[in-house]
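Structure first, commentary second.
Numbering (the working numbering), first residue to last: 2 to 113.
What follows is the structure, encoded as C-alpha cells:
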C-alpha cells in the first residue's frame, strides 16, 4: 500500500519540516521500543512529489513536478498539467486540482 509508510514532520510537528517524525516510546526499564512514526502518507507523498525536482528520487529519476519553477513562470495551466502528470507517475488519480494566482493549491487525489 503506497499510502502507508514512514511519516514526515509537517507544520503541526516539532522539528524540521519534512524530517522523519520521531515519537520515542520507552518501556519500564527505559529501553526504546518505538521511535519512527508509521501511518497515512498520501498527503505527504503528494507534497514531496510537487516540491521535488526530477532526479531527487533515486529509484524514479523522472519524478518531480518542480513547483518552485512556478516562481519564474506564471503559466498556471502548464504547472497544473505537470502536477497531474507527476502525481499519476506515482499512481495517484487526481479528481480535483486548483492552482490559480493568489489562491491556495487544492488537490484531491487517491491511489488507484
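From the three backbone atoms N, C-alpha and C, an ideal C-beta is built for every residue, glycine too. Quantities reported herein were computed from a predicted structural model and do not represent experimental measurements.
When the distance is taken between beta carbons, is residue 97 closer than 9 angstroms to residue 84? In the chain shown, residue 84 corresponds to position 83, counting from 1. In the chain shown, residue 97 corresponds to position 96, counting from 1. No, the Cβ-Cβ distance between residue 84 and residue 97 is not below 9 angstroms.
Indicate whether the contact test is met: 3 or more Cβ pairs, each with one atom in the segment 72-79 and one in the segment 87-96, closer than 8 angstroms. no
Determine the direct distance from the alpha carbon of residue 104 to that of residue 34, and round the result to whole angstroms. If you number the chain shown from 1, residue 34 lands on position 33. If you number the chain shown from 1, residue 104 lands on position 103. Computed Cα separation, rounded: 44 angstroms.
For residue 86, which of helix, strand or coil comes out of DSSP? Counting from 1 along the chain shown, the entry for residue 86 is found at position 85. Here residue 86 sits in helix by DSSP.
Roughly how many angstroms separate the alpha carbons of residue 17 and residue 68, rounded to a whole number? In the chain shown, counting from the first residue as 1, residue 17 sits at position 16. In the chain shown, counting from the first residue as 1, residue 68 sits at position 67. Answer to the nearest angstrom: the Cα atoms are 20 angstroms apart.
Residue 111 versus 47, 11, 55 and 53, residue with shortest Cα-Cα distance: If you number the chain shown from 1, residue 111 lands on position 110. For residue 111, the nearest C-alpha among the options comes from 47.
One or two residues paired with residue 110 in a DSSP bridge: As a first step, residue 110 is located in the chain shown; it is residue number 109 there, counting from the start. According to DSSP, residue 110 bridges with 95.
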